[in-house]
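A.B. asks: One structure coming up, written as structure tokens, with questions to follow.
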Amino acid sequence: MTDQDHTPAVALTQAAKHFGPVRALDGVSLRVGPGDCLGLVGHNGAGKSTLVNLINGTFGPSSGEVAFPSGTEGVRSVFQELSLCPNLTVAENLRVSHPGLRGIGWRRQARAEILASLDAVFPGHGIDADAEVDQLSIAERQMVEIAIGFAPRGGQARLVILDEPTSSLDEGIARQLLDHVKGFCAAGGAVIFISHMLGEIFAVASRIVVLKDGRVVADKPATEFTRAGLVDAMGHVATEAVAQQAARSAPGEMVIRTPEGLEARRGEVVGLSGLAGHGQAAALARLYLSQSSDWRAGRAAKAVFVAGDRARDGVLPLWSILRNISISVLQRDARRGLVDRGAERALADDWQRRIGIRTEDLTNPILSLSGGNQQKVLFARALASDAEVVVMDDPMRGVDVGTKQDVYAMIRSEAARGRTFLWYSTETEEVCQCDRVFVFRDGRISAELTGDQITEERILEASFEMQEAS
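So that you can map any letter, position 272 of the sequence shown is 272 in UniProt numbering, and since no number is skipped, the others follow by simple counting.
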């Protein structure tokens, strides 16, 4: 390599970003150069998104410096919250970020370029370049956004920032991306890889930077970390009112039975697994609608929903954090048909403490929170309700490892009290915590697993080969 080849793609020197009294980033210094795969970790609210927004130019630093010694050309960002235009085709979305595509034949060029990038990152993807984005599954949209990030677009990608890139992908597709990242960095590219899945960080990162409260608390080669050491460096976020992990009690009577064979008993945590896009989300949607379509006055909802695609199905973007939490119980806690402001505030304060929502003021807009903290609000909204059935559609997307453990304990505690959970997850590790698992393939249940049968090997086997549902 030449001396120019060693020039960093980005160099931050004591970079800080303040929002009023809040120090979202507080004096960060780091360099990312050719061949680096920088794993960036930290709990929700640690400053990861702010750091990314300084690098991609969304924010300017309040102090310090963000420099691009090789220029900003070739610096790309792939966001956790999908930013594609849903009413445009896959090829047209590439055109939005590639102004060099012009003239009569630009559509043909756009199709060829996006398909080449998809083929390179996700072999066998099956995505049509002329399909409108809103007709794609969330996993396919994530794949398109990643492919656009790595596409040439009139040059070559030099630094690609991947923010929770596998949050909507099943394990097989995620593995394709990790392999591509390693090859990209081996060829001289640079990647900043943000993930709460620590196994992925160790799989691809050459170096790991840990953020805590807006500061770098560790920066060293990945080989010098252990998983336990990395969690310790991040710091623990246990909250005083988090429920203890409850012992698994015997499930009660059957409360859910659907035509496709999905069943759940009172007090049971039932997992839905299999490759993404094989009917799990559709089955959950049908189930939820069947349990929550009674709008007669005074009838409490039988089921509540925790969305994984929070921007589309979860948060109420024009409302406050407080109102996003309390909306599920406003009628229950009303006095003479009017909102009881005191009860509403007490409930929100309680759940902020229990689930660790990081904000100084619950009346702030919901979009002032990081993505992971928005997800905590959705959990608080669901668990604060009286609904007996909680339907969860891949709800841990973008949630840090500490909060995940707290939520797992809450789920188990609520199940011990008689609540039923139906939980679709793209993370096999999560599914293996369930009492019973239904594996989907091609829109049908290919296997029902219980007890010791619930293993990663059995789930993968049923995902690829139809078995007789037990």
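Ideal placement from N, C-alpha and C gives every residue a C-beta, glycine not left out.
As the structure is a computational prediction, the values presented were derived from the model and not from experiment.
1) Would you mind giving the Cβ-Cβ distance between valine 231 and valine 204, rounded to the nearest angstrom? I have them listed as a contact below 8 Å.
2) Taking the DSSP output, what are the residues bridged to leucine 40?
3) If the criterion is Cβ atoms closer than 8 Å, does the pair glycine 214 and arginine 31 meet it?
4) Less than 7 Å between C-beta atoms, sequence neighbours within five positions excluded: which residues of the same chain meet that for valine 339?
5) Take arginine 345 and list the residues in its own chain whose beta-carbon comes closer than 8 Å to its own, dropping the five residues that flank it on each side.
6) Would you kindly report the start and end of the unbroken beta strand (DSSP E) that includes aspartate 394?
7) Pair every Cβ in the stretch 414-429 with every Cβ in the stretch 268-281, then say whether three or more of these pairs are closer than 8 Å.
8) DSSP on leucine 369, reduced to helix/strand/coil?
9) Quick one: what's got a C-beta closer than 6 Å to alanine 218's C-beta in the same chain, skipping five residues either side?
10) Look up alanine 384 in the DSSP assignment and say whether it is helix, strand or coil.
11) Taking all protein chains shown into account, do 16 or more other C-beta atoms lie within 10 angstroms of the C-beta of serine 195, making it buried, or fewer, making it exposed?
12) Isoleucine 302 by DSSP, collapsed to three states: which one?
13) Which value, in whole angstroms, describes the spacing of the CA atoms of alanine 264 and arginine 444?
14) Under the DSSP definition of a beta bridge, which residues are partnered with isoleucine 256?
15) Here's the rule: buried if 16 or more other CB atoms are within 10 angstroms of the residue's CB, otherwise exposed. What is leucine 105?
16) Would the beta-carbon of asparagine 93 fall within 8 Å of that of glycine 372?
17) Among Ile114, Gly261, Val96 and Met392, which has the Cα closest to the Cα of valine 431?
18) Considering only residues of the stretch 28-113, which uninterrupted alpha helix (DSSP H) runs meet the minimum length of 4 residues and lie entirely inside it, listed in chain order?
19) Count the other CB atoms, across all protein chains shown, that sit within 10 Å of the CB of phenylalanine 19; report buried if there are 16 or more and exposed otherwise.
20) For glutamate 457, name the three-state secondary structure that DSSP assigns.
21) Just the C-alpha distance for alanine 243 and methionine 396, rounded to the nearest angstrom, thanks.
22) If you run the structure through DSSP and keep just helix, strand and coil, what is serine 273?
23) Tell me whether the beta-carbon of arginine 76 lies closer than 8 Å to the beta-carbon of valine 144.
24) By Cβ distance below 7 Å, which residues in the same chain neighbour aspartate 442 in space, the five residues on each side in sequence not counted?
25) On the criterion of 16 or more Cβ atoms from any shown chain inside 10 Å, does histidine 98 qualify as buried, or is it exposed?
26) With H, G and I counted as helix, E and B as strand and the rest as coil, what does DSSP make of glutamate 132?
27) Taking just the CA atoms, how far does arginine 107 sit from alanine 228?
28) Closer than 7 Å by C-beta to glutamine 291: which residues in its own chain qualify, once you throw out the five before and the five after it? Chain order, please.
29) Our contact map puts proline 8 next to glycine 33 with C-beta atoms below 8 Å; I'd like the distance itself, whole angstroms only.
30) Give me the Cα-Cα distance between alanine 241 and serine 117, rounded to the nearest whole angstrom.
31) What residue range does the beta strand (DSSP E) around glutamine 14 cover?
32) Round the Cβ separation of cysteine 185 and valine 133 to the nearest angstrom and send it over; I've been treating them as touching at under 8 Å.
33) To which residues does DSSP link serine 326 through a beta bridge?
34) List the whole-angstrom C-beta distance separating alanine 157 from glycine 149, where the pair is believed to meet the contact cut-off of C-beta under 8 Å.
C.D. replies: On the basis of the coordinates in this document:
1) Valine 231 to valine 204, Cβ: 18 Å. No contact.
2) Ile194 and Val209
3) no
4) Leu330
5) Leu322 and Leu362
6) Segment: none, aspartate 394 is in no beta strand (DSSP E) and carries neither H nor E.
7) yes
8) coil
9) Val210 and Ala233
10) helix
11) buried
12) Before going on, a small fix: residue 302 reads as lysine here, not isoleucine. DSSP places lysine 302 in coil when its eight states are reduced to three.
13) Distance between alanine 264 and arginine 444, taken at the CA atoms: about 17 Å.
14) Checking the DSSP bridge columns, you'll see isoleucine 256 partnered with Ala264.
15) Strictly speaking, residue 105 in this sequence is glycine, with leucine absent from that position. Exposed, because fewer than 16 other Cβ atoms sit within 10 Å of the Cβ of glycine 105.
16) no
17) Met392
18) Counting only runs of 4 or more, we get 48-55 and 90-96.
19) exposed
20) helix
21) For alanine 243, the predicted structure reports a pLDDT of 38, less than 50, and the residue's modelled location is therefore unreliable. The matter cannot be settled from this model.
22) In this structure, serine 273 counts as strand in the three-state DSSP scheme.
23) no
24) His278
25) With 16 or more Cβ atoms within 10 Å of its Cβ, histidine 98 is classed as buried.
26) strand
27) 50 Å
28) The answer, listed in chain order, is Lys302, Ala303 and Val389.
29) 4 Å
30) With a pLDDT of only 36 at alanine 241, under the threshold of 50, the placement of this residue in the model should not be trusted, and no figure is reported.
31) 10-19 is the span of the beta strand (DSSP E), which, as asked, contains glutamine 14.
32) No, cysteine 185 and valine 133 are not in contact; Cβ-Cβ is about 28 Å, not under 8 Å.
33) BP columns for serine 326 are empty, so no partner.
34) 7 Å
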